[in-house]
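The numbering of the sequence shown is the numbering used here, which starts it at 39 and goes up by one.
Ideal Cβ positions, reconstructed from N, Cα and C, are used throughout, including at glycine.
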Amino acid sequence: MAYDELLAQRIHDLLDGEPGLTSRRMFGGLGFMLDGHMAVAAGSAGALMVRVDPARGQEWVDGEDVRPMEMRGRELDGWLLVSGEALADDDRLRLWVGRGAAHVRTLPLK
């Protein structure tokens, strides 16, 4: 399934002007990278994939709107999936995009 184009535009608007910003289609979504590290991705049905510090990710999981990202039935450490319903408000999207961006800014340059 294709990614949510409206969500992708909202993410782009938030990250526009960030140093090292690029985007790339991957995993059926549109990933937004900062200096080569994917911070967030627009998925299908308005869901947002967010890269987070693996040590902190579980504290944000609520089992409904925010859950661990899964691929092929396996949880991906350091990745969360935020439902589209939880992102209807621009402030909530800003919060999650900010968390992903802040985390990748702590990673070594590629």
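Within the same chain, Gly-67, Val-78, Ala-79, Gly-81, Met-107, Trp-117, Leu-119 come within 7 Å of Met-87 by CB-CB distance, once the 5 residues on both sides are set aside.
Where Val-90 is concerned, there is no enclosing alpha helix (DSSP H), because DSSP gives it neither an H nor an E.
Ranking Arg-62, Glu-102, Met-71, Leu-44 by CA distance to the CA of Leu-147 puts Met-71 first.
Between the C-alpha atoms of Asp-127 and Glu-43 there is a straight-line separation of about 16 Å.
Straight-line measurement puts the Cα of Gly-95 at about 11 Å from the Cα of His-141.
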